[in-house]
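First residue of the sequence shown: 485, per the numbering used here; consecutive thereafter.
Don't be surprised by glycine CBs; every beta carbon is placed ideally from N, CA and C.
Just so we're clear, the structure is a prediction, and the values are computed from it rather than from any experiment.
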Amino acid sequence: MPHDGFLVLSALGPDRPGLVAEVTEFLVDLGCNVDGSRMAVLGGEFGMMMLVRGPEDQLQAIQRGVGELERRTGLRFSFRPTVDPRERQRPPAVPYVVSAYALDHEGIVHAVSEALYRLGANIVSLETDPYSAPHTATTLFRMEALVEVPPQVSVAELRASLSRVAAQQNLDLEVRPA
Numbered sequence: 485m486p487h488d489g490f491l492v493l494s495a496l497g498p499d500r501p502g503l504v505a506e507v508t509e510f511l512v513d514l515g516c517n518v519d520g521s522r523m524a525v526l527g528g529e530f531g532m533m534m535l536v537r538g539p540e541d542q543l544q545a546i547q548r549g550v551g552e553l554e555r556r557t558g559l560r561f562s563f564r565p566t567v568d569p570r571e572r573q574r575p576p577a578v579p580y581v582v583s584a585y586a587l588d589h590e591g592i593v594h595a596v597s598e599a600l601y602r603l604g605a606n607i608v609s610l611e612t613d614p615y616s617a618p619h620t621a622t623t624l625f626r627m628e629a630l631v632e633v634p635p636q637v638s639v640a641e642l643r644a645s646l647s648r649v650a651a652q653q654n655l656d657l658e659v660r661p662a
């Protein structure tokens, strides 16, 4: 029996109800499964990334049939074959969640990600959102990232590096084990 392959499928386009149902119906009809996904509306655009698992011939059918799906949904698709996530070679790492809150201003994501990069940390997922402060409606900013930190980086070193960023960017920053 042939083993399943994996494909990362991403899409972006104007948001409207029913997009997830249409895309997943297309995948199910081909005998494929969504093993993991991230989806969001940003502005008026809907974006999705999915890890799709299925027989290799069906993954190829996705690539051949995506043009019709684009016409039906208005989404633009891209795809890339990938490995079984269980087989991915990853260096040893310690997982942490990094959260930051501040008055919204340019450079927050860059400053935090640059500090993590300099420590050799890998950002596994990152989410940001502006929101309004109660009573004043001042625009505030929230960021949360799941990061993998090399084991040779102490938690004290991680916290010190991010504390410098917090001071420079005027952030309320928290580091906790994932």
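Quick one: grab the DSSP three-state call for A595.
-> helix
When the Cα of L610 is compared with those of Y580, F510, S562, N654, which residue comes out closest?
-> Y580
Considering only residues of the region 557 to 626, which uninterrupted alpha helix (DSSP H) runs meet the minimum length of 4 residues and lie entirely inside it, listed in chain order?
-> 592 to 602
Can you round the beta-carbon distance between S645 and A595 to whole angstroms, since I take them to be within the 8 angstroms contact cut?
-> Rounded, the Cβ-Cβ distance is 11 angstroms, inconsistent with contact.
With DSSP as the reference, label L514 as helix, strand or coil.
-> coil
Can you tell me whether L587 is buried or exposed, with buried defined as 16 or more other CB within 10 angstroms of its CB?
-> exposed
According to DSSP, what are the bridge partners of S638?
-> Beta-bridge pairing links S638 to no other residue.
Go ahead and pull the three-state DSSP assignment for A495.
-> strand
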